[in-house]
Amino acid sequence: MATCPQGHASGSDDYCDVCGTQMAAAPPTSNAASNPAPVAEPAAESCPICQTPRAGQFCEVCGHDYSSAGSAAQRGHPTLHPEQGSASGQGNGAPVPLLATGGGARWEAVTAADRSYYEKVIAEGGPDADAVAFPPYCPERSFGLYGDQVRIGRRSRARNLEPEIDLTGPPEDPGVSHLHAVLLAQPDGSWMLVDPGSSNGTQVNGKPLKVNVPVKIAPGDRIHVGAWTVITIREGTP
Numbered sequence: 001m002a003t004c005p006q007g008h009a010s011g012s013d014d015y016c017d018v019c020g021t022q023m024a025a026a027p028p029t030s031n032a033a034s035n036p037a038p039v040a041e042p043a044a045e046s047c048p049i050c051q052t053p054r055a056g057q058f059c060e061v062c063g064h065d066y067s068s069a070g071s072a073a074q075r076g077h078p079t080l081h082p083e084q085g086s087a088s089g090q091g092n093g094a095p096v097p098l099l100a101t102g103g104g105a106r107w108e109a110v111t112a113a114d115r116s117y118y119e120k121v122i123a124e125g126g127p128d129a130d131a132v133a134f135p136p137y138c139p140e141r142s143f144g145l146y147g148d149q150v151r152i153g154r155r156s157r158a159r160n161l162e163p164e165i166d167l168t169g170p171p172e173d174p175g176v177s178h179l180h181a182v183l184l185a186q187p188d189g190s191w192m193l194v195d196p197g198s199s200n201g202t203q204v205n206g207k208p209l210k211v212n213v214p215v216k217i218a219p220g221d222r223i224h225v226g227a228w229t230v231i232t233i234r235e236g237t238p
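One point on numbering: in full-length UniProt numbering, the residue at position 53 of the sequence shown is 53, and numbering is uninterrupted.
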């Protein structure tokens, strides 16, 4: 089993199946002169938007989704298969459709600070736990769900990254990655959530998400990211 540059054991030899990092090429042997000339390897895939070398399903600079990079007909809504058992807190009965495109957003993501989640994170410890303070004032903010994908994270001018749900603040949650998670619209009008490999993980209704394993979400679901941020999926106004 190969080992990626981040130290993960990977069953894949091109991209790490744990964190998505591109696997390093094998080092050259010392008796290269006696070996036949190596066959040239194909060039590494680059992001069609910003030309950054690929390191996983999502570009770590601009957030481009490689799974939607096929034909124009395929770019609309990539179909993903969630893991068994939805993380949704309202999973009984038929799923409630969420409007993905066109008109006004029927559903919204509302961000706020969650004191109980913050206390749980601090109690679990960590190298920076003592330096993270709970914000004394953090007003709710609402973000409509539009388009094919809605990125969750913090704005980065250096990476030319502006997530649709921008948690830069103020106040700023230092535990949120620049590209922390992504909401993906589905052909049936529903949405899925995927964590492409954030530093501190993502939870839906208290259940941690596995990296690059999408789960379906529904109105009422609570998404926790960072040290104290909660994102609640609600019915919005068209």
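Even glycine gets a Cβ: it sits at the ideal position worked out from N, Cα and C.
Being a predicted model, the structure only gives us computed values, none of them experimental.
### Query
Should E45 be flagged as near chain C, meaning a C-beta pair shorter than 8 Å?
No chain C appears in the structure shown, which is made up of a single protein chain.
### Task
With a threshold of 16 other CB atoms inside 10 Å of the CB of A129, please say whether the residue is buried or exposed.
Burial call: exposed.
### Query
The alpha helix (DSSP H) with A113 in it runs from where to where?
No alpha helix (DSSP H) holds A113; the beta strand (DSSP E) holding it covers W107 to A113.
### Query
Quick one, which of Q6, W107 and P5 has its alpha-carbon nearest G189's?
Looking at the Cα atoms, W107 is the closest of the given residues.
### Query
Expressed to the nearest angstrom, what Euclidean distance is found between the alpha-carbon atoms of L161 and C4?
In a straight line, the C-alpha of L161 is about 26 Å away from that of C4.
### Query
Which of the three DSSP states, helix, strand or coil, is assigned to S177?
Coil.
### Task
Rank A2, I217, A109 and A55 by C-alpha distance to the C-alpha of D166 and give the top, closest one.
Considering only alpha carbons, the answer is A109.
### Query
Shortest alpha-carbon distance to L209 belongs to which of R151, H180, C59 and E235?
Measuring from the Cα of L209, the nearest candidate turns out to be H180.
### Task
Assign G197 to buried or exposed, taking buried as 16 or more other Cβ atoms, counted over all protein chains shown, within 10 Å of its Cβ.
The residue is buried, with at least 16 neighbouring Cβ atoms inside 10 Å.
### Distance, A44 Cα to G226 Cα
Answer to the nearest angstrom: the Cα atoms are 32 Å apart.
### Message
Using C-beta distances below 6 Å, list every residue in its chain close to P171, excluding the 5 sequence neighbours before and after it, in chain order.
### Response
Exclusion of the five residues before and after P171 leaves P135 and C138 as the residues of its chain whose Cβ lies within less than 6 Å of its Cβ.
### Task
Use the C-beta contact count for Q6: other C-beta atoms within 10 angstroms, 16 or more gives buried, fewer gives exposed.
Exposed is the call here.
### Message
Between G56, V204, Q186 and S46, which has its C-alpha nearest V150's C-alpha?
### Response
Taking only the C-alpha atoms, the option nearest V150 is Q186.
### Task
Work out the CA separation of S199 and Y66 for me, nearest whole Å.
Cα to Cα, the separation comes out at about 21 Å.
### Task
Could you work out which residue in I122, Q57 and G206 is closest to A221 when comparing CA atoms only?
In the sequence as displayed, the identity of residue 221 is Asp instead of Ala. Distances from the CA of D221 to each of I122, Q57 and G206 were compared; the closest alpha carbon is that of G206.
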